[in-house]
Amino acid sequence: MKIGIGLPNQVRDVRASVIPEWAREAERAGFSTLGSVGRVAYPGVMDTVALAAAAGATSTIGLISNVLLGPVWPAALLAKEAAGIDGVSGGRLSLGIGLGGRPDDFLAPGLGPRGTGKRLDEDIEVYRSAWRGEVLPGTDNAMVPAGTREVPLLFGGMVQASFDRVARSGEGYIGGSVPPAMVAPAFDGVRAAWKEAGREGAPRLVAIAYFTLGDADAGRASVHDYYASAGADIAAFISSGVSAGAAAIKATIEEFAAIGADELILNPTSDTTDQIARLADLVL
Numbered sequence: 198m199k200i201g202i203g204l205p206n207q208v209r210d211v212r213a214s215v216i217p218e219w220a221r222e223a224e225r226a227g228f229s230t231l232g233s234v235g236r237v238a239y240p241g242v243m244d245t246v247a248l249a250a251a252a253g254a255t256s257t258i259g260l261i262s263n264v265l266l267g268p269v270w271p272a273a274l275l276a277k278e279a280a281g282i283d284g285v286s287g288g289r290l291s292l293g294i295g296l297g298g299r300p301d302d303f304l305a306p307g308l309g310p311r312g313t314g315k316r317l318d319e320d321i322e323v324y325r326s327a328w329r330g331e332v333l334p335g336t337d338n339a340m341v342p343a344g345t346r347e348v349p350l351l352f353g354g355m356v357q358a359s360f361d362r363v364a365r366s367g368e369g370y371i372g373g374s375v376p377p378a379m380v381a382p383a384f385d386g387v388r389a390a391w392k393e394a395g396r397e398g399a400p401r402l403v404a405i406a407y408f409t410l411g412d413a414d415a416g417r418a419s420v421h422d423y424y425a426s427a428g429a430d431i432a433a434f435i436s437s438g439v440s441a442g443a444a445a446i447k448a449t450i451e452e453f454a455a456i457g458a459d460e461l462i463l464n465p466t467s468d469t470t471d472q473i474a475r476l477a478d479l480v481l
């Protein structure tokens, strides 16, 4: 199982200037991938901006949004953003997409929080049309440079519709920020949908988990704050799952490996860069 590390783009009041440095240090340390966490209505850095900064600061490490809220974006604009990040990185981006569930993230006029599954399925067709260089309705030119590739898509979500979307339109699946025992049935559901759809090979299965090698209470408080708008129970549950300290992090890695994750992205709870080397020494 590969081990990646998240960018701190959605730590409250993150020092935005740390993101390129974080990306360079993560690449030097040997992590497989840099991830981003996506929300709009929160005092962080937009995931597309964070990934673009990481793309320009690195040359080999993978990039993944885990997950970007697809339906909050106009489809053509997101397609262009993703193609640009992928192009700058030399083809290192995987676009991980979720539906989003917090109404305050849906700020674009006409793109509300209802009907997001249907809208995403329609948006996927727009993404791919744009990436193929087709002229979209209402435009006079292609959206992207010639030679742009179709960015690999991964999807989040814990329901059958999400598993079917992976099988129909994706390269793989991204589990939620919940314990491995809760992610395992989703992985099984994706595998079954993939087989039912007659897809060759196997879906790429990515897991995510929060970690801290600093103050455990501060780390949990950071995650609780991020999820507070989802309700007290959800915030308490997810923050209680932060892997705090070496033993907990190693146990989390073992548990995700046991359920067949291809890659685990360990997301930070602070923007303190010394955690990168400390985590690498522990897990790589």
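Quick note on my numbering: the sequence shown kicks off at 198 and runs consecutively.
For glycine and all other residues, C-beta sits at the position ideal for the given N, C-alpha and C.
Note that this is a predicted model, so its numbers are computed, not measured.
Check, Outcome
"Counting only the same chain and skipping the five closest in sequence on each side, list residues whose C-beta sits under 6 angstroms from that of ASP459.", "ARG401, LEU402"
"State the Cα-Cα distance for the pair GLU397 and ALA389, rounded to the nearest angstrom.", "12 angstroms"
"Which residues bound the beta strand (DSSP E) around GLU460?", "460-464"
"Extract the residue ranges of the beta strand (DSSP E) inside the segment 216-261, only unbroken runs of 3 or more that lie entirely within it.", "230-233"
"Enumerate, from N- to C-terminal direction, the unbroken beta strand (DSSP E) stretches of 3 or more residues contained entirely within the segment 422-467.", "460-464"
"Taking C-alpha atoms, which residue in ALA213, SER214, TRP219, ARG212 lies nearest to GLY203?", "TRP219"
"Which residues mark the beginning and the end of the beta strand (DSSP E) in which VAL403 is found?", "401-409"
"Once DSSP output is grouped into helix, strand and coil, what is the label at ALA305?", "coil"
"For the segment 425-436 against the segment 353-361, do three or more pairs of beta-carbon atoms, one drawn from each stretch, fall closer than 8 angstroms, so that the two count as touching?", "no"
"Relative to the alpha-carbon of ALA399, which residue among ASP468, LEU260, ASP385 has its alpha-carbon at the smallest distance?", "ASP385"
"Compute the Euclidean distance between the alpha carbons of ASP210 and LEU463, then round it to the nearest angstrom.", "20 angstroms"
"Report the residue ranges of all beta strand (DSSP E) runs contained in full by the segment 309-371; include only those spanning at least 3 residues, in chain order.", "350-352, 369-371"
"With DSSP as the reference, label SER286 as helix, strand or coil.", "helix"
"Please report the Cβ distance between VAL253 and THR230, rounded to the nearest whole angstrom; I am assuming they are in contact, meaning their Cβ atoms lie under 8 angstroms.", "Inspection of the sequence shows that residue 253 is occupied by Gly rather than by Val. Not quite, the Cβ-Cβ distance comes to about 16 angstroms (not below 8 angstroms), so this is no contact."
"If VAL380 sits next to GLY372, beta carbons under 8 angstroms apart, how far is it from one beta carbon to the other, in whole angstroms?", "4 angstroms"
"Distance, Cα to Cα, ALA443 vs LEU479?", "7 angstroms"
"Classify LEU275 as helix, strand or coil using the three-state DSSP reduction.", "helix"
"Please state if the CB of PRO205 and the CB of PRO465 are separated by a distance shorter than 7 angstroms.", "yes"
"Mind checking whether SER436 and VAL420 have CB atoms under 7 angstroms apart?", "yes"
"In whole angstroms, what is the alpha-carbon distance linking LEU476 and THR255?", "19 angstroms"
"By alpha-carbon positions, which one of GLU319, THR449, GLY411 ends up nearest to THR469?", "GLY411"
"Grab the span of the beta strand (DSSP E) containing GLY203 for me, first residue to last.", "199-203"
"Can you check DSSP and say which residues form a bridge with ARG266?", "It should be noted that the sequence gives Leu, not Arg, for residue 266. Partner(s): GLY295."
"Taking the beta carbon of VAL387 as the centre, do at least 16 other beta carbons fall within 10 Å, making it buried, or is it exposed?", "buried"
"Could you tell me the distance, in whole angstroms, from the CA atom of THR449 to the CA atom of GLN472?", "17 angstroms"
"Within 10 angstroms of its Cβ, does THR257 collect 16 or more other Cβ (buried), or is it exposed?", "exposed"
"For VAL269 versus ASP302, is the C-beta spacing smaller than 7 angstroms?", "yes"
"Would you report the Cα separation of GLY314 and ALA213, rounded to the nearest angstrom?", "32 angstroms"
"Just tell me which of ARG325, GLY298, GLY227 has its CA closest to the CA of ARG311.", "GLY298"
"Between the Cα of ILE431 and those of PRO300, SER374, ARG365, PRO271, spot the shortest distance and give me the residue it belongs to.", "SER374"
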